[in-house]
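Undergrad: Quick one: the structure is below, and I'll ask about it shortly.
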Amino acid sequence: MATNTTESRQKSLSVFNIGLRYLILAILAAIGSIAAIQLFTDGFWQLGIMIVVITVFFVIIFIRPDAEPLRWLSPGLALFLVFVLFPLVSTIAFAFTNYGTTNGLTKPQVIRQFEQRRYAAEGSLSYTYTMFQNAAGDIALWLVPDGEGDALFVSEGENLSFQSDAIEYDDSGIPVEIGDYVALNRADTARTLQQVSDDATFGEGEHAVQLSRARFGVASELSQRYTYDEEQDALIDNQMGATYVADDSVGFFINPENAEERIPVGYQVVIGFRNFERFLTSPALRGPLVSILVWNFTFAILSVLFAFVLGLIVALTFSENTWLNKFLKLGFILPWTIPNVITILIWNGLWNPLDGAYSKLISDIAQFFGANPGVGWPPIYNDATWARVALLVTNTWFAFPYFMLICSGALKSIPSDLYEAAMIDGANVWQRFRSMTLPLLLLTVGPLLIGSFATNFNSFQVIYLFNKGGPPIVGVSTPAGHTDLLISYVYKLSFGGGGGQQEFGYAAAITIIIFLLLAAITAYNLRFMNIWEETGENV
Amino acid sequence: MSSQIAVAEKPKRGETSFLEDPRTRRALNIAIKTIVGVIVLTYAVFPVLWTISAAFNPTSSLRGQQLIPANPTLENFRTILEDEPFFTWLWNSIKLATIASLAGGAITTLSAYAFSRYRFWGRGTMLGGILLIQVFPNLLAMVALYALLLTIGQYFPEFGLNSHGGLILIYAGGALGFNVWLMKGFFDSIPRDLDESAYVDGASQTVVFFRIILPLVRPMIAVVMVLSFFGVFGDWFLPNLMLTDESLYPLMLGLQTFIGTNYAQNWGPFAAGAVLGAIPQLIVYFTLQDWIVGGLTAGSVKG
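Chains A and B supply the protein sequences, listed in that same order.
Start counting the first sequence at 88; every next residue gets the next number (the working numbering).
Start counting the second sequence at 4; every next residue gets the next number (the working numbering).
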């Protein structure tokens, strides 16, 4: 049916419409190609490929009449490809690279960056400058060469023209003003100097100068410090006279005679399975990982279990449709209506070891039973067990109302004659619950439990805002804490939660391991739930 | 439910044991209800009451707070509203959430329509893929997303790191998830005869989609958009990762940064901000709870 209507509409499309479509497509293709070429030249070949794929995809689906369904999908698919699939694929790619703080750029970028570095070579011409400024705040320099030669008037990046005979000079032969530029005195120069960045280059061509930071009032001509030699694949340091050869196995330019001596800024290279090897062999890294993994599963399972059980108990207890129950339920769902971030921050106030309401309560109870805890007890944030319990109590708080709502709905849908039949057969309350209510309930709630498990497994926001994953695990080389989940551990490795270097490549390797774990669990559960069959149901 | 049936059975006195006596049962029932009710209600409501109390507490610090403050004051509200850029944060949140949920809603609706009304090559794979990829939340791809925005920002700073544009693109890209399944289900429930009779009457596909199908699924689109609005509104992770400029902070990140600087001292003004910041979601969730739960049950995300 769809194809017939498509064809008839195709015929009715006016020439103008078709022309417009091709024009838009052509523009789109042009933009895509330019973007891709730019990305390729800058070394972002992965993103470049992605742009090419999307452009080709768009062109094909808007030319081929039989690809009409894909046109509806195209905006979503394009964003999906760039912002979901591409990050996923590049995460996988990162895991096989040394990407990180010291190796953040691509090789062409590093080379370009180093080729822009300048230095004042020995014997190069130096100048004495006088600083000028105009009303707009632009800075210009009057350069008088220390040796022979004419004076120059330059601003940042360009030479300014002036007519030497139309200028009024002071006693020492320096102009008072040139055009709208006015000469600054020594004090003003010193002050203005602070606005000039260290690597600002004045003038252009071979007479470009940089201001000397060591000697006030002196500027020197510059030469290129590093030259890239394509034949040797090396950066040559013109100042030190050294050669650094690119070593693509580690992603650094290194001194061929002494591998320890290298240019500190490296580039990204593929290092194969080295991140995974490191992960599996280094005991200092693996140590916290086992404990984190165990806690991650415990946290996810217990979070779902507590929230579900409490939600179910409340739903069962207050299942009758009375005004009192309705009113109580308004109170029960209150936690669910509050944004998670605010929840955690509020609870941090309640758990505060010195003045928190709940900490005080626990401390008071302990005192009531004769214990004499000191100030700052219970150690909610400093003791692994306390932190974990507090975290679970907090997490259950905002998760149980959701399950209460779901369970209430599901319970209503269980036909009551089933219960009557069971009663006649002499089943008691527990038997009825265990063999009828629960299985029937799990049928509806089951997929949600799995979804909730996956959410809790990556519950970064909760963990990180609660205590940044702490208290820290002592004696490990990476920033790991007792309440850290894999995801917050990855975050710390990636973005240096505990200071130190950012190890994107290694973090990506762990991410892949998390993904494989989750995908396996989910795929197993989805198969168990027969959810895949829905896909083909409406054909 | 079980208790009603128990009453209906009415065994005679003396024939049953103590536990099966209806009167004991009723008493037990009430006792259980009271105990569960009191405990759970306290658990659920106390933190909220405590926060509201803190918002009106004149000492504005954690120390010495009482549930009912002695001299309630609006000073904390003044502090958070006037001394802190609360309205900038709120505006940023509303801006991000509105644009992202509109874009996400549009994308979801268009895609779900195609999945529901067309049969094409790769349809099943795509639907399955969307579901499976949901297991890989964009949280896990944080490094890649960060690097992606870094790259984009070198060409278009307004969509790079430290920009609202970049965040919106990520949110909208992630919209093509469970919500597509949800919407597809709703499109499926609209009989195809409806489209076909319109086609017979000479309506174009655009007309059928916008005039006939769309009005019918409008409530569902609203639910999807409300959910994604508050998903973005309540998000702290991505803004924290991508934004460095404080004037771009959304509410959650702003409040968190504010309380993070000095927890005990900023507690009062924070509580005031939290109360104000929680109100929109609270109102909407209370009003639309049946709709939202219905939506969530069909393809859940939160919980």
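Backbone N, C-alpha and C define an ideal beta-carbon position, used for all residues, glycine too.
(1) Per DSSP, what kind of secondary structure is Asp191/B in: helix, strand or coil?
(2) Can you check whether the C-beta of Leu134/A is within less than 7 Å of a C-beta belonging to chain B?
(3) Among residues of its own chain, excluding the 5 on either side of Ile138/A, which ones have a beta-carbon nearer than 8 Å to its beta-carbon?
(4) Counting contacts by CB-CB distance shorter than 7 Å, is Val220/B in contact with chain A?
(5) Counting only the same chain and skipping the five closest in sequence on each side, list residues whose C-beta sits under 6 Å from that of Ala201/B.
(6) As an exercise, report each continuous alpha helix (DSSP H) stretch of at least 4 residues that is fully enclosed by the stretch 116 to 172 of chain A, in chain order.
(7) Drop a sphere of 10 angstroms on the beta-carbon of Asp504/A, count the other beta-carbons inside from all chains shown, and report buried for 16 or more, exposed for fewer.
(8) So, at 6 Å on beta carbons, what are the nonlocal neighbours of Asn182/B in its own chain, with the 5 sequence-adjacent residues on each side left out?
(9) Span of the beta strand (DSSP E) holding Arg349/A?
(10) Between which two residues does the alpha helix (DSSP H) containing Gln589/A stretch?
(11) At 9 Å on the CB atoms, spell out the chain B contacts of Ile114/A, in chain order.
(12) Where does Asp335/A fall in DSSP's three states?
(13) If I follow the unbroken alpha helix (DSSP H) through Leu148/B, where does it start and stop?
(14) Along the chain, where does the beta strand (DSSP E) containing Tyr121/B start, and where does it finish?
(15) Looking at chain B, is there any beta carbon in it that lies within less than 7 Å of the beta carbon of Gly436/A?
(16) If we cut at 7 Å on Cβ distances, does Phe167/A have a partner in chain B?
(17) Taking 7 Å as the CB-CB limit, is Trp159/A close to chain B?
(18) Does the beta carbon of Asn545/A come closer than 7 Å to any beta carbon on chain B?
(19) Mind pulling the chain A residues with CB within less than 7 Å of Phe240/B?
(20) Going by DSSP, name the residue or residues bridged to Trp229/A.
(21) Closest by CA to Glu1/B, which one among Thr82/B, Leu185/B and Phe90/B?
(22) Compare the C-alpha of Glu277/A against each of Pro262/A, Arg302/A, Leu572/A and Gly290/A and name the closest.
(23) Would you check if the distance between the CB atom of Ala595/A and the CB atom of Phe181/A is smaller than 7 Å?
(24) Compile a chain-ordered list of the residues in the stretch 37 to 71 of chain B whose CB is closer than 9 Å to at least one CB of chain A.
(25) Determine the chain A residues that contact Val146/B at a beta-carbon separation under 7 Å, and present them in chain order.
(26) Any beta-carbon of chain A closer than 7 Å to the one on Pro14/B?
(27) Using a Cβ-Cβ cutoff of less than 7 Å, which residues in the same chain neighbour Gln589/A once the five nearest sequence positions on both sides are dropped?
(28) Measure the CB-CB distance between Val283/A and Gly290/A and report whether it falls below 7 Å.
(29) Using alpha carbons as the reference points, say which of Ala402/A, Val532/A and Arg312/A lies closest to Asn325/A.
(30) Identify which residue in Thr27/B, Val41/B, Asp198/B and Asp24/B has its Cα closest to the Cα of Thr404/A.
(31) Grouping DSSP H, G and I as helix and E and B as strand, with all else coil, what is Ala610/A?
(32) Could you tell me which chain A residues have their CB closer than 8 Å to the CB of Gln284/B, listed as they occur along the chain?
(33) Would you say the beta carbon of Thr76/B is closer than 6 Å to some non-hydrogen atom of the ligand NAP?
(34) Can you pull out the residues from the stretch 447 to 480 of chain A whose beta carbon lies closer than 7 Å to at least one beta carbon of chain E?
(35) Examine the Cβ distances between the stretch 543 to 551 of chain A and the stretch 565 to 574 of chain A and report whether three or more of them are shorter than 8 Å.
(36) Rounding to the nearest angstrom, what Cα-Cα distance links Arg315/A and Thr483/A in this structure?
TA: Here's the rundown:
(1) The count along the second sequence starts at 1 and reaches residue 191/B at position 188. Here Asp191/B sits in helix by DSSP.
(2) To locate residue 134/A, count along the first sequence from 1; it is residue 47. Leu134/A counts as touching chain B.
(3) Walking along the first sequence from the start, residue 138/A turns up at place 51. Excluding residues within five positions, the ones whose Cβ falls inside 8 Å are Gly119, Ala122, Ala123 and Leu126.
(4) Here residue 220/B corresponds to residue number 217 of the second sequence, with the count starting at 1. Chain A contact via Cβ: absent.
(5) Your numbering for residue 201/B matches position 198 in the second sequence. If we look at Ala201/B and ignore the five residues flanking it on each side, its Cβ neighbours are Val211 and Ile215.
(6) 132 to 150 and 155 to 167
(7) Mapped onto the first sequence, residue 504/A falls at position 417. Asp504/A should be labelled exposed.
(8) Locating residue 182/B in the second sequence gives position 179, where the first residue counts as 1. Excluding positions up to five away in sequence, the list reads Thr111 and Val227.
(9) The residue labelled residue 349/A in the question sits at position 262 within the first sequence. Where Arg349/A is concerned, the enclosing beta strand (DSSP E) stretches over Asn345 to Arg349.
(10) Along the first sequence, read from residue 1 onward, the residue named residue 589/A stands at position 502. Premise fails: Gln589/A is in no alpha helix (DSSP H) and is neither H nor E.
(11) As a working mapping, residue 114/A is identified with position 27 in the first sequence. Counting only Cβ-Cβ distances below 9 Å, Ile114/A has no contacts in chain B at all, with the closest Cβ about 17 Å away.
(12) Within the first sequence, the letter at position 248 stands for residue 335/A. Asp335/A falls in the coil class under three-state DSSP.
(13) Taking the second sequence and counting its residues from 1, one reaches residue 148/B at position 145. Start and end: Met145 to Tyr158.
(14) Taking the second sequence and counting its residues from 1, one reaches residue 121/B at position 118. Where Tyr121/B is concerned, there is no enclosing beta strand (DSSP E), given that its DSSP letter is neither H nor E.
(15) The residue labelled residue 436/A in the question sits at position 349 within the first sequence. Closer than 7 Å: yes.
(16) Indexing the first sequence from 1 puts residue 167/A at position 80. Chain B contact via Cβ: present.
(17) Residue numbering aside, residue 159/A sits at position 72 when the first sequence is read from its first letter. For Trp159/A, the nearest beta carbon of chain B is closer than 7 Å to its own beta carbon.
(18) For the purposes of this step, residue 545/A is taken as residue 458 along the first sequence, with counting starting at 1. Yes, contact with chain B.
(19) Residue 240/B sits at position 237 when you count from the first residue of the second sequence. Those are Phe547 and Gln548, listed as they occur along chain A.
(20) Sequence index remark: in the first sequence, residue 229/A carries index 142 (1-based). Bridge partners of Trp229/A: Thr217/A and Phe240/A.
(21) Chain B is shown from 4 up to 306; residue 1/B falls before or after that span and cannot be answered.
(22) Counting from 1 along the first sequence, the entry for residue 277/A is found at position 190. The question names Glu, yet the displayed sequence has Ala at residue 277/A. Closest option to Ala277/A, Cα to Cα, is Arg302/A.
(23) In the first sequence, the residue the question calls residue 595/A occupies position 508. In the first sequence, the residue the question calls residue 181/A occupies position 94. Yes. Within cutoff.
(24) Val39, Gly40, Val43, Leu44, Tyr46, Ala47, Val48, Phe49, Pro50, Val51, Trp53, Thr54, Ala57, Ser64, Leu65, Arg66, Gly67, Gln68 and Leu70
(25) Along the second sequence, one-based indexing puts residue 146/B at 143. Ordered by position in chain A, the residues that pass the 7 Å Cβ test against Val146/B are Thr178, Phe181, Ser581, Phe591, Ala594 and Ala595.
(26) Counting from one through the second sequence, the residue named residue 14/B turns up at place 11. Residue placement at Pro14/B is poorly supported in this model, since its pLDDT is 49, which falls under 50; the coordinates are not used for a value here.
(27) Taking the first residue of the first sequence as 1, we reach residue 589/A at position 502. Hits under 7 Å: Gly187, Thr188, Ser581, Phe582 and Gly583.
(28) Residue 283/A sits at position 196 when you count from the first residue of the first sequence. Residue 290/A sits at position 203 when you count from the first residue of the first sequence. Result no, Cβ atoms of Val283/A and Gly290/A do not sit closer than 7 Å.
(29) Residue mapping note: residue 325/A aligns to position 238 of the first sequence, counting from 1. Asn325/A has its Cα closest to that of Arg312/A, out of Ala402/A, Val532/A and Arg312/A.
(30) What you label residue 404/A is simply residue 317 of the first sequence in a count that begins at 1. Comparing Cα positions, the closest option is Val41/B.
(31) Counting from one through the first sequence, the residue named residue 610/A turns up at place 523. Helix at Ala610/A.
(32) Position 281 of the second sequence holds residue 284/B. What Gln284/B touches in chain A: Thr424, Ile425 and Pro426.
(33) As far as ligands go, the structure on display features none, and thus does not contain the ligand NAP.
(34) The question asks about chain E, but that chain is absent: this structure's protein chains are A and B.
(35) yes
(36) For this step, residue 315/A is matched to residue 228 along the first sequence. For this step, residue 483/A is matched to residue 396 along the first sequence. Note that residue 315/A is Tyr in the sequence shown, not Arg. When rounded, the distance between both Cα atoms is 60 Å.
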